[in-house]
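Enquirer: Note that this note's numbering gives residue 84 to position 94 of the sequence shown, counting from 1, and the numbers run on in steps of one.
For every residue, glycine included, the Cβ atom is placed at its ideal position computed from N, Cα and C.
Small disclaimer: the values here were computed from a predicted structure and weren't measured.
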Amino acid sequence: MTHSSVLELDQSQDPLSHVISLAYSRSTNSTGDTKACYYIENQLKSVGIKSKYEYFSFDTPFRILMRLIYLILFSYLIFFRLFLVIALYFAIKYLFATTRNYSLTRKEDSKNLIAKVPAGNKRRKKPVAIISAHYDSFSANLPYRLQGVAFILFRIIIFPYFIITMSFSIIILIQPAIPILNELSLMELIITSSLFEFAVVLIIFLLIYDTQKSKGAIDNASGVAVLIEIAKLIKKYPIENYDVILLFPGTEEWGLIGSKRYVKRNMNYLAETYDLDRSFNINIDMVGSYIGVIEKRSLFKKNKKEKHEVPISDIIDSVSRDLNIDYTKHVHFINPKTDHKSFNKLAKKTESNFQVVCFHSDKDSKYIHSHLDTPDKCSSEVLSDAISLIFNSLKKIDPII
-9 MTHSSVLELD
1 QSQDPLSHVI
11 SLAYSRSTNS
21 TGDTKACYYI
31 ENQLKSVGIK
41 SKYEYFSFDT
51 PFRILMRLIY
61 LILFSYLIFF
71 RLFLVIALYF
81 AIKYLFATTR
91 NYSLTRKEDS
101 KNLIAKVPAG
111 NKRRKKPVAI
121 ISAHYDSFSA
131 NLPYRLQGVA
141 FILFRIIIFP
151 YFIITMSFSI
161 IILIQPAIPI
171 LNELSLMELI
181 ITSSLFEFAV
191 VLIIFLLIYD
201 TQKSKGAIDN
211 ASGVAVLIEI
221 AKLIKKYPIE
231 NYDVILLFPG
241 TEEWGLIGSK
251 RYVKRNMNYL
261 AETYDLDRSF
271 NINIDMVGSY
281 IGVIEKRSLF
291 KKNKKEKHEV
301 PISDIIDSVS
311 RDLNIDYTKH
321 VHFINPKTDH
331 KSFNKLAKKT
341 ESNFQVVCFH
351 SDKDSKYIHS
361 HLDTPDKCSS
371 EVLSDAISLI
381 FNSLKKIDPI
391 I
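In structure tokens form, the structure reads like this:
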């Protein structure tokens, strides 16, 4: 199968049209988020691929900030022995249905969209290919490289504060007379740390939050577009020897939550149903101005436990040469946080040789999470080449896996 024949005969539509159709804010648990899911679902349905939703809940920094405010308020109420106020709060809270069900600290809801294209061969314990591309987007004032630093600071500050404040509050509650520190000293300490904590967290929150919503074209409407077209090709030209699971995780931008939940919930099923030593994940997260692949020793080199006849990365290399498609390998000491990391953990937890490859145009990171991430940064040719490279790699793997 040649490069040109795949593009001319098999590609159902220009993949850039998907990017344009999905070029709007798809922040988690938003209208855009749900709209994107419906779009993907309808695209798969148009070629006879059924999909399902996997729902989950999670915390956001905003919810954690609200809990911090509640914690500060309750610390003050405990200090001043205003137990009647606390009792009144809970009485009103749970007395009426409207107040009982309303909460500023409730977890957010999100979802994964999942579909499966079964192999032609119905034998048991066959391999599986999980091809993933997250559909959510994110907007921030801070440049992408600094956002990770901000979230690390948030975690470093928030959790020790919870422990310290709760400890002091309990001490005040159960032991009015403290030899070393009196109540006033403890209260001053709580107030000072509370104000400092609140100020820092608020600054981080305001720096991250951006009213100029990113359209999320490169990150990751491009990956979704590639996966939609690959799904259509797989349906038209079925894989014979392994099942293909199409995974569109939600909430990737808030810490890979969708893919983590998928792995956690389905790990036992995957291990019992499939031969994970001959299985793999191809994660597609950003196909912008060029095709990039994250290279890591564990992904591209054989290790002592490796049982595969040929690593998936070698297949991709071979196909890229056959089709004359260039791609760039990126080597990082610390790899970008994308959903492929969840599948690295799957390999580790199942003690299998499950392989992972991640397509990621790392140099395009300067555009993402901002108003600069627009469809004009993507290319029909690059997207089509990525589709051809991945699909032909899947077909080449089929007879030898």
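For the candidate residues GLY38, ASP307, TYR317 and ASN258, whose alpha-carbon lies nearest to that of PRO228?
Expert: Within the sequence shown, residue 228 is the residue found at index 238, counting from 1. Nearest of GLY38, ASP307, TYR317 and ASN258 to PRO228, Cα basis: GLY38.
Enquirer: Evaluate HIS350 with the Cβ neighbour count: other Cβ atoms within 10 Å of its Cβ, from every protein chain shown; 16 or more gives buried, anything less gives exposed.
Expert: In the sequence shown, counting from the first residue as 1, residue 350 sits at position 360. Its Cβ being crowded by 16 or more others within 10 Å, HIS350 is buried.
Enquirer: Looking at C-alpha atoms only, which residue of TYR134, ARG311, THR18 and ASN231 is the closest neighbour of ILE387?
Expert: To locate residue 387, count along the sequence shown from 1; it is residue 397. Of the listed residues, the one whose Cα sits closest to ILE387 is ASN231.
Enquirer: Under a three-way DSSP split, which group does VAL216 fall into?
Expert: Counting from one through the sequence shown, the residue named residue 216 turns up at place 226. If DSSP states are grouped into helix, strand and coil, VAL216 belongs with the helices.
Enquirer: Taking CB distances under 8 Å as the criterion, tell me whether GLY206 reaches chain D.
Expert: Looking at the structure shown, chain D is missing, and only one protein chain is on hand.
Enquirer: Which ranges would you report for the alpha helix (DSSP H) in the segment 244 to 287 if only whole runs of at least 4 residues count?
Expert: Complete alpha helix (DSSP H) runs here, min 4: 247 to 263.
Enquirer: Per the DSSP calculation, ASN102 is bridged to which residue(s)?
Expert: To locate residue 102, count along the sequence shown from 1; it is residue 112. Answer is GLU44, bridged to ASN102.
Enquirer: Report the three-state DSSP secondary structure of CYS348 (helix, strand or coil).
Expert: For the purposes of this step, residue 348 is taken as residue 358 along the sequence shown, with counting starting at 1. Three-state DSSP puts CYS348 in a strand.
Enquirer: If you drop the 5 nearest sequence neighbours on each side, which residues of the same chain put their C-beta closer than 6 Å to that of SER249?
Expert: As a working mapping, residue 249 is identified with position 259 in the sequence shown. These residues qualify, in order along the chain: PRO239, ASP329 and SER332.
Enquirer: How long is the line joining the alpha carbons of LEU373 and ALA81, rounded to whole angstroms?
Expert: In the sequence shown, residue 373 corresponds to position 383, counting from 1. In the sequence shown, residue 81 corresponds to position 91, counting from 1. For LEU373 and ALA81, the distance between alpha carbons rounds to 58 Å.
Enquirer: When the Cα of LYS353 is compared with those of LYS40, SER17 and ILE208, which residue comes out closest?
Expert: Against the sequence shown, residue 353 aligns to sequence position 363. Nearest of LYS40, SER17 and ILE208 to LYS353, Cα basis: ILE208.
Enquirer: Measuring only the C-alpha atoms, how far is PHE73 from TYR79?
Expert: Translated into the one-based positions of the sequence shown, residue 73 becomes position 83. Translated into the one-based positions of the sequence shown, residue 79 becomes position 89. So the alpha carbons of these two residues sit roughly 10 Å apart.
Enquirer: Counting beta carbon pairs with one atom in the segment 359 to 367 and one in the segment 125 to 137, are three or more of them shorter than 8 Å?
Expert: Contact holds: three or more Cβ-Cβ distances are below 8 Å.
Enquirer: Give me the Cα-Cα distance between SER212 and LEU12, rounded to the nearest whole angstrom.
Expert: Along the sequence shown, one-based indexing puts residue 212 at 222. Along the sequence shown, one-based indexing puts residue 12 at 22. Taking the straight line joining both Cα atoms gives about 9 Å.
Enquirer: Can you tell which of SER100, LEU237 and VAL277 has the C-alpha that lies nearest to the C-alpha of SER400?
Expert: Within the shown structure, residues of the chain are numbered from -9 to 391, placing residue 400 beyond reach of any answer.
Enquirer: Secondary structure at ILE82, three-state DSSP: helix, strand or coil?
Expert: Along the sequence shown, read from residue 1 onward, the residue named residue 82 stands at position 92. It is helical.
Enquirer: Would you mind working out which of HIS359, ASN102, ASP23 and PHE381 sits nearest PRO133, comparing C-alpha positions?
Expert: Position 143 of the sequence shown, counted from the start, is the residue given in the question as residue 133. Checking every option, the nearest Cα to that of PRO133 belongs to HIS359.
Enquirer: Residues in its own chain within less than 8 Å of LEU379 by CB, not counting five upstream and five downstream?
Expert: By one-based count along the sequence shown, residue 379 stands at place 389. Hits under 8 Å: ILE281, ILE306, VAL309, SER310, LEU313, ILE315 and TYR317.
Enquirer: By the DSSP assignment, the alpha helix (DSSP H) with THR328 in it spans what residues?
Expert: Residue mapping note: residue 328 aligns to position 338 of the sequence shown, counting from 1. Careful: THR328 lies outside any alpha helix (DSSP H) and carries neither H nor E.
Enquirer: Measure from the alpha carbon of LYS112 to the alpha carbon of each residue in ASP233, ILE274 and SER355, then state which is nearest.
Expert: The residue labelled residue 112 in the question sits at position 122 within the sequence shown. Of ASP233, ILE274 and SER355, the residue nearest in Cα terms is ASP233.
Enquirer: Considering just the uninterrupted stretch of the alpha helix (DSSP H) at SER7, what are its terminal residues?
Expert: Stepping through the sequence shown from its first residue, residue 7 is reached at position 17. Start and end: 5 to 11.
Enquirer: Report the CB separation of THR241 from ILE235 in whole angstroms; it is logged as a contact under 8 Å.
Expert: The count along the sequence shown starts at 1 and reaches residue 241 at position 251. The count along the sequence shown starts at 1 and reaches residue 235 at position 245. Not confirmed; about 18 Å, so no contact.
Enquirer: Have a look at LEU67, ILE104, THR21 and VAL300 and flag the residue whose alpha-carbon is nearest the alpha-carbon of LYS40.
Expert: Your numbering for residue 40 matches position 50 in the sequence shown. Here the closest residue by C-alpha is ILE104.
Enquirer: Throw me the rounded Cβ distance for the VAL9 and ALA215 pair, which I believe falls under 8 Å.
Expert: Taking the sequence shown and counting its residues from 1, the one referred to as residue 9 is at position 19. Taking the sequence shown and counting its residues from 1, the one referred to as residue 215 is at position 225. Confirmed, about 5 Å.
Enquirer: Starting from the Cα of ASP4, find the closest Cα among LYS385, ALA376 and ASP49 and give me that residue.
Expert: As a position in the sequence shown, residue 4 is number 14, starting the count at 1. Checking every option, the nearest Cα to that of ASP4 belongs to ALA376.
Enquirer: Buried or exposed: TYR264, going by 16 or more other Cβ atoms within 10 Å of its Cβ?
Expert: For the purposes of this step, residue 264 is identified with residue 274 of the sequence shown, where counting begins at 1. Label assigned to TYR264: buried.
Enquirer: Mark ASN343 as exposed unless 16 or more other C-beta atoms lie within 10 angstroms of its C-beta, in which case mark it buried.
Expert: In the sequence shown, the residue the question calls residue 343 occupies position 353. The residue is buried, with at least 16 neighbouring Cβ atoms inside 10 Å.
Enquirer: Measure the beta-carbon distance from ILE121 to LEU217 and round it to whole angstroms, keeping in mind my assumption that it falls under 8 Å.
Expert: Translated into the one-based positions of the sequence shown, residue 121 becomes position 131. Translated into the one-based positions of the sequence shown, residue 217 becomes position 227. With a Cβ gap of about 6 Å, ILE121 and LEU217 count as contacting.
Enquirer: Compare the beta carbon distance of VAL253 and LEU336 with 8 Å and say whether it is the shorter of the two.
Expert: As a first step, residue 253 must be located in the sequence shown, where it is residue number 263. As a first step, residue 336 must be located in the sequence shown, where it is residue number 346. Yes. Within cutoff.
Enquirer: Take the Cβ of TYR43 as the centre, count every other Cβ of all protein chains shown within 10 Å, and call the residue buried at 16 or more, exposed below.
Expert: Along the sequence shown, one-based indexing puts residue 43 at 53. By the neighbour-count rule (16 or more Cβ atoms within 10 Å), TYR43 is not buried but exposed.
Enquirer: Relative to the C-alpha of ASP275, which residue among ASN325, LEU260 and LEU266 is closest?
Expert: Residue numbering aside, residue 275 sits at position 285 when the sequence shown is read from its first letter. Ranking ASN325, LEU260 and LEU266 by Cα distance to ASP275 puts ASN325 first.
Enquirer: What number of angstroms, rounded off, separates the C-alpha of ASN382 from the C-alpha of GLU219?
Expert: Sequence index remark: in the sequence shown, residue 382 carries index 392 (1-based). Sequence index remark: in the sequence shown, residue 219 carries index 229 (1-based). Distance between the alpha carbons of ASN382 and GLU219: 13 Å.
Enquirer: What's the C-alpha gap between LEU67 and ILE193?
Expert: As a working note, residue 67 is residue 77 in the sequence shown. As a working note, residue 193 is residue 203 in the sequence shown. The alpha-carbon atoms of LEU67 and ILE193 are separated by roughly 26 Å.
Enquirer: Express the C-alpha separation of ILE30 and SER15 in angstroms, rounding to a whole number.
Expert: Working through the sequence shown from its first residue, we reach residue 15 at position 25. Working through the sequence shown from its first residue, we reach residue 30 at position 40. So the alpha carbons of these two residues sit roughly 15 Å apart.
Enquirer: I'd like to confirm the pairing. Which residues does DSSP put opposite ILE235 in its beta bridges?
Expert: Residue mapping note: residue 235 aligns to position 245 of the sequence shown, counting from 1. LYS106 and ILE120.
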